[in-house]
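Okay, so here's the structure we're looking at.
2 protein chains.
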Amino acid sequence: MSLALPQSVLPHPSTAPALNWGILGPGWIASQFATSLKELTKSKLAAIGSRTLARSEDFARTYGDDGTRAYGSYAQVLEDPAVDVLYIAVPHSGHADLALQAIAAGKHVLVEKPLSLNAQQSAQIVQAAKAAGVFAMEAMWSRLLPIGNVVSQVIASGMLGQVITVQADFGAKFPVDYESRIYDPALGGGALLDVGIYPIAFSAMVSPAKQLLHASGRLAKTGVDASFTAVLANEDGSTATVFSSIETESPQSAWIAGTEGTLELQRPICCGSGLVLRSADGNIVDSREFTETSPAAGLGWEAAHVAQCIADGLAESPVMPLAQSLAIAQTMDEIAARLRA
Amino acid sequence: MSLALPQSVLPHPSTAPALNWGILGPGWIASQFATSLKELTKSKLAAIGSRTLARSEDFARTYGDDGTRAYGSYAQVLEDPAVDVLYIAVPHSGHADLALQAIAAGKHVLVEKPLSLNAQQSAQIVQAAKAAGVFAMEAMWSRLLPIGNVVSQVIASGMLGQVITVQADFGAKFPVDYESRIYDPALGGGALLDVGIYPIAFSAMVSPAKQLLHASGRLAKTGVDASFTAVLANEDGSTATVFSSIETESPQSAWIAGTEGTLELQRPICCGSGLVLRSADGNIVDSREFTETSPAAGLGWEAAHVAQCIADGLAESPVMPLAQSLAIAQTMDEIAARLRA
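The listed protein sequences correspond, in order, to chains A and B. Under the numbering used here, the letters of the first sequence match residues 1 to 341, in that order. Under the numbering used here, the letters of the second sequence match residues 1001 to 1341, in that order.
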């Protein structure tokens, strides 16, 4: 097995079929998505919906085009026959309800991560999407980028030998404001759902069948998890260790150590500015830089992937399958339960 | 508190008082130590001892000078009145016995890490050294280097704010040879005592009062630990996570994440090629490179520290105190017990 980084085999987003997108929730991530959609793809922002018409109109003016419709309710977007697919970008606590409504309206859905607040809600979404025959995916954009494609190929190739451990961390310091969403348990605040999902999803990609052995951390006075460390393990004793925090920065890196080589993903873990591949003796044998490290520069890859899946008649993504979203939700539930015990 | 890396305040090893060293065990690490002693310090290799006179003679010719005496036993080195201090560089399993003999002979001792095979042996060494009034130190050379001095100053300054987590890893792939020392339980083989002690000692330096919450890993068929992950925690929920392995490489890095900043120590953890300091927003505010990254280039700093401590009449090092060596040994005992449970 030769040790070299493969090339990404992802087609450029501009080659994907065009879709008409409706966005629910004109917040920051929606603005990044719409920017990237316009920059990278042939798809259109057909409609934007929020509870406040003025906010939707602002958003449409700034990020849409002449055809973008602005609505003062989510329901109007769901009823718009010109909308092919919904990007659900409201706070976590609204994901499940809006995803179920969109699916009921016969729309495909891309749900910002986490898919919902917990495994039970996520299972409802998955069940509903399957019953309705619509496409559904959790918006784990890092996996749909060229760097994610290269990492997937490295793992699938077996070139690293037996994987002994995966470690990933995402600490991002948020302003200490106990009135803000990130500190609000009702809105799915805390490190776990907001940033912890990245290292957990990275670990799940490398080895999906991990059991939670340990979780410990610090709760904020509002009850949300401020920081946590978790260790998962396979039956062969190989481990995955994740750290996440909203009260401190961390290197925001990830690495996979195998008996024949190691792969390091360089900051930031959400998207990765580079990969370093080492042989078993620790020497660097290959490395590569990547440029899609901001949402505005990279979310179009995810949108293009969704468009291609839908054009291909798929009900879910082979890269971010629903079963893995469910497994991630289950792991997060278990971590949350241990942290709150 | 300003965020900037302080300068190392360590005097160059050449300014330390001269000592006459005796080395027990003419192996690889002894050769590195002797090389660095000659290159960096005014101290002399007075004597080398092993069970085989020819090996000692070879070593003296290659790494000593005209005055270096070669002995075919350890006892002769201990009896040599010209020897001020012993560097005990035999396999781990011989540390305790030779350290106790050296102390009984009235010699100061620098014991290659780990200080011994377990906390009980280490406590005996500490007790004996205190009773005899001789200097004793575990050879944690990384802490005596300029990079270690800078890290210590950063921690002591409080500039990182409240420390939320420390993570450190040292995976180094050894040839899979079940007949070799590293796979031999009787000789203290396994990841824990050989390489795991580095991330554990790093964690102990940042926060000495950590409780073991979790340890899991993989045992080799000889019974030694091939890989392990351990999580330690303080009462405030802050954690330390260490990974170590002899069956895979890892990034060999370490980092400290605090509420006001983070410090990353770059590969290799044994000595560190660089430091990167980030502010709470994740931006790099300072960084520095270090050159003492190999034993031959760096062990002289440790030798000079020992010489200075002894000249100052100290019975132990303020940088690597015996109580911390005991705490590290205790942690390693607990990890070993969990891995073998």
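By construction, the Cβ of each residue, glycine as well, lies at the ideal position given by its N, Cα and C atoms.
- Proximity of chain A to Pro1251 (chain B) at the Cβ level (cut-off 7 Å) is accounted for by Trp255 and Glu264, in chain order.
- In its chain, beyond the 5 residues on either side, Gly1171, Lys1173 and Ser1227 have a beta carbon closer than 8 Å to the beta carbon of Thr1248 (chain B).
- Chain-ordered, the chain B residues with CB closer than 9 Å to the CB of Thr239 (chain A) read Ser1216, Gly1217, Arg1218, Ser1227, Phe1228, Thr1229 and Phe1243.
- Remark: C-beta atoms of Glu138 (chain A) and Leu299 (chain A) do not approach each other more closely than 9 Å.
- Listed in chain order, the beta strand (DSSP E) runs fully inside the segment 49-105 of chain A are 69-71 and 85-88, counting runs of at least 3 residues.
- Within the segment 1298-1340 of chain B, the runs of alpha helix (DSSP H) at least 4 residues long that lie entirely inside it are, in chain order, 1322-1340.
- Interface with chain A (9 Å Cβ-Cβ cutoff): Leu1213 (chain B) is included.
- Put simply, the CB of Thr1068 (chain B) is far from chain A, with every gap to its CB atoms at 9 Å or more.
- The beta carbon of Gln1162 (chain B) lies closer than 7 Å to those of Gly1258 and Thr1259 in the same chain, with the five residues before and after it left out.
- Taking C-alpha positions only, Gln1211 (chain B) is separated from Pro1091 (chain B) by approximately 29 Å.
- Taking 9 Å as the threshold, the shortest C-beta distance from Glu316 (chain A) to chain B does not fall below it.
- Around the Cβ of His1012 (chain B), a 10 Å sphere holds fewer than 16 other Cβ atoms; the residue is exposed.
- Here the alpha carbon of Pro1026 (chain B) sits roughly 40 Å from the alpha carbon of Thr1262 (chain B).
- Spanning the alpha carbons of Gly313 (chain A) and Ala119 (chain A) requires a straight line of approximately 26 Å.
- Taking the CA atoms as reference points, His305 (chain A) sits about 7 Å from Ala16 (chain A).
- Close partners of Gln1167 (chain B) in chain A (Cβ separation under 9 Å): Gln167, Asp169, Thr229, Thr241, Phe243, Ser250 and Pro251.
- Relative to Leu78 (chain A), the option among A:Phe290, A:Gly22, A:Ile284 and A:Ala307 whose CA is nearest is A:Gly22.
- The beta carbon of Glu1057 (chain B) sits no closer than 9 Å to any beta carbon of chain A.
- DSSP assignment within the segment 245-278 of chain A yields the following whole beta strand (DSSP E) runs of 3 residues or more, N-terminal first: 254-258 and 261-266.
- Look at the segment 1121-1173 of chain B and you find these whole runs of alpha helix (DSSP H), each 4 residues long or longer: 1146-1157.
- Using a Cβ-Cβ cut-off of 9 Å, Ile1164 (chain B) counts as an interface residue toward chain A, since at least one Cβ of chain A sits closer than that to its own.
- Excluding five sequence positions before and after Leu213 (chain A), the CB atoms of its chain that fall closer than 7 Å to its own CB belong to Val231, Leu232 and Ala233, given in chain order.
- Contact annotation: Ile1125 (chain B) and Ala1105 (chain B) have beta-carbon atoms that are not nearer than 9 Å.
- For Gln32 (chain A), the enclosing alpha helix (DSSP H) has its first and last residue at Trp28 to Leu40.
- Selection A:Lys38, A:Ser8 and A:Leu10 evaluated against Ala297 (chain A) yields A:Lys38 as nearest (Cα-Cα).
- Residue pairing for His214 (chain A): DSSP places it in a beta bridge opposite A:Val231.
- When rounded, the separation of the alpha-carbon atoms in Arg1181 (chain B) and Ala1329 (chain B) is 20 Å.
- For Ser207 (chain A), the closest of A:Thr241, A:Gly188, A:Gly272 and A:Ser273 by C-alpha to C-alpha distance is A:Thr241.
- For Asp1286 (chain B), the secondary structure class from DSSP, reduced to helix, strand or coil, is strand.
- Annotation for Val206 (chain A): the continuous alpha helix (DSSP H) segment containing it runs Ile197 to Val206.
- In the structure shown, Leu1192 (chain B) adopts helical secondary structure according to DSSP, grouped into three states.
- In this structure, Ala1054 (chain B) sits away from Asn1020 (chain B), with a CB-CB distance that is not shorter than 9 Å.
- Chain order gives the chain A residues near Lys1173 (chain B) as Thr259, Ala280, Asp281 and Gly282, where near means a beta carbon separation below 8 Å.
- DSSP places Thr1291 (chain B) in the coil class of the three-state scheme, outside both helix and strand.
- Restricting attention to B:Val1151, B:Gln1167 and B:Asn1283, the CA atom closest to the CA of Glu1289 (chain B) is found in B:Val1151.
- Approximately 18 Å separates the beta-carbon atoms of Ala82 (chain A) and Ile103 (chain A); this is outside 8 Å, ruling out the contact.
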